[in-house]
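With the sequence shown counted from 1, adding 601 to any position gets you the working numbering. Take a look at the structure set out below.
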Amino acid sequence: MSSSISLYAGKTALAEIRKNGLSSEQIVAMAGASGGPKWFTLFGLDKYLFGDFFKSRKKILHTIGSSAGSWRLACFAQKDPVAAIERLAKFYSNESYSENPDVNEISDKADDLLKKVLGENGAQEIAENPLIQSHFIVARAKGLVASENKKLQMSGLICAASLNAASKKLLNLFFQRYVFFNQKGHPEFNYSYFDYQHPSTRYLPLSKHNVHQVLMASGAIPMVLRGISEISGSDPGIYRDGGIIDYHMDINFGGQGLILYPHFFPTIKSGWFDKGLKYRKANPNNFNNVVLITPSASHVAQLPYGKISDRNDFANFDTETRIRYWQTILSESEKMAEDFSQLIEKNIGIDQIKPIESIL
602 MSSSISLYAG KTALAEIRKN GLSSEQIVAM AGASGGPKWF TLFGLDKYLF
652 GDFFKSRKKI LHTIGSSAGS WRLACFAQKD PVAAIERLAK FYSNESYSEN
702 PDVNEISDKA DDLLKKVLGE NGAQEIAENP LIQSHFIVAR AKGLVASENK
752 KLQMSGLICA ASLNAASKKL LNLFFQRYVF FNQKGHPEFN YSYFDYQHPS
802 TRYLPLSKHN VHQVLMASGA IPMVLRGISE ISGSDPGIYR DGGIIDYHMD
852 INFGGQGLIL YPHFFPTIKS GWFDKGLKYR KANPNNFNNV VLITPSASHV
902 AQLPYGKISD RNDFANFDTE TRIRYWQTIL SESEKMAEDF SQLIEKNIGI
952 DQIKPIESIL
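So, in structure tokens, the structure goes:
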């Protein structure tokens, strides 16, 4: 019988799993990629991970995410993580807009959505969580890409994409990586590929006063949402989607133990501008201790339209059709949770884990 999940593991992770199986205690960190509504396909798996898999955990777990990954992991760090991710799924999947929404309408709706997800105490719970050490990635814009004038911003993005195609390191001319992390934790991740000639990554603490701003910034897609002009405790500037730099977390996770990475595709792209660059490959050395979980090809094939949800659905479907389709994606995501729990509890499918190098 086919499984709804596919698993890939780096060399270190694969050797560890073959020897000792896979359990929550082996996991030291979890990653969450950008991807907007693509994350709906992971909803059931997220609920299982947040609610059962890590339920009895006693030692610190580091998490790192950008954009939608930040929002998912922000749910994980709240007092009731399952309720939080259910709120995110409910309000996001039922979102609707006017016929031709502008940046302000989309931004205002996103702001309202995040308020519902965080509730009254969510920001403080995230900033002060003693076990879930959150790291949220944001991109501080430079030059034209910092402008809210669409023509100027688009010109800057075209320049950034062109130079990025020549060298990833040149993206530093347009964006600076900021990592906001739980005050009780400390940065655990190495971003050497982006720190060309001058170390540019800034690490700043999360607080109950800036969690909302940081998360809004981490998901502020250029040309779609307003940039965030102020983050409490940070430098002046315009902050945009962290996925511009770290789209699929092609970073050196470092440390000892395994990294759990639920992902939408069996594909890793370093940054937002790398999506169409077939020659821009992820670094296999960054994934030695990573366990990547994705929807299987057979699972995706049986979904409506034979694909997972994405932002294009806003344009390709009327509101009623899109919402109905997205509810199906959310419902079908429970199968991934069921199959992963079978792997954890009964080792079913553990012999089917593939080397992660096969997809990099």
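Ideal placement from N, C-alpha and C gives every residue a C-beta, glycine not left out.
What's the C-alpha gap between L753 and H849?
27 angstroms
Excluding the 5 residues preceding and the 5 following E696 in the sequence, name in chain order all residues of the same chain whose CB lies nearer than 8 angstroms to its CB.
K710 and L714
May I ask you to report which of helix, strand or coil DSSP gives T920?
helix
Out of Q784, K870, F854 and G877, state which residue places its alpha-carbon closest to the alpha-carbon of P731.
Minimum Cα distance to P731 is reached at Q784.
Quick one: using the 10 Å Cβ neighbour count with 16 as the cut-off for buried, is Y779 buried or exposed?
buried
Endpoints, the alpha helix (DSSP H) within which H813 is located
V812 to S819
Measure the alpha-carbon distance for G652 versus E749 and round it to whole angstroms.
40 angstroms
Quick one: Cα of L689 to Cα of N917, how far?
22 angstroms
Which residues bound the beta strand (DSSP E) around H900?
That residue, H900, is in no beta strand (DSSP E); its alpha helix (DSSP H) goes A898 to A902.
Close-in-space but distant-in-sequence residues of the same chain around K955 (CB under 6 angstroms, 5 per side omitted):
Y609
Limits of the unbroken alpha helix (DSSP H) element including L753
K751 to A767
Contact belief for S934 with T642 at Cβ below 8 angstroms, rounded distance in angstroms:
5 angstroms
What's the C-alpha gap between N607 and Y840?
According to the sequence provided, residue 607 is Ser. The question's Asn does not apply to it. Straight-line Cα distance between these residues: approximately 35 angstroms.
Within the region 629-663, note down every full alpha helix (DSSP H) run reaching 4 residues or more, in order along the chain.
Entirely contained in the region 629-663, the alpha helix (DSSP H) runs reaching 4 residues are, in chain order, 644-649.
Quick check on Q943: does DSSP put it in helix, strand or coil?
helix
From F677 to V683, what distance separates their C-alpha atoms?
7 angstroms
How far does the alpha helix (DSSP H) with Y693 in it reach, from first residue to last?
P682 to S694
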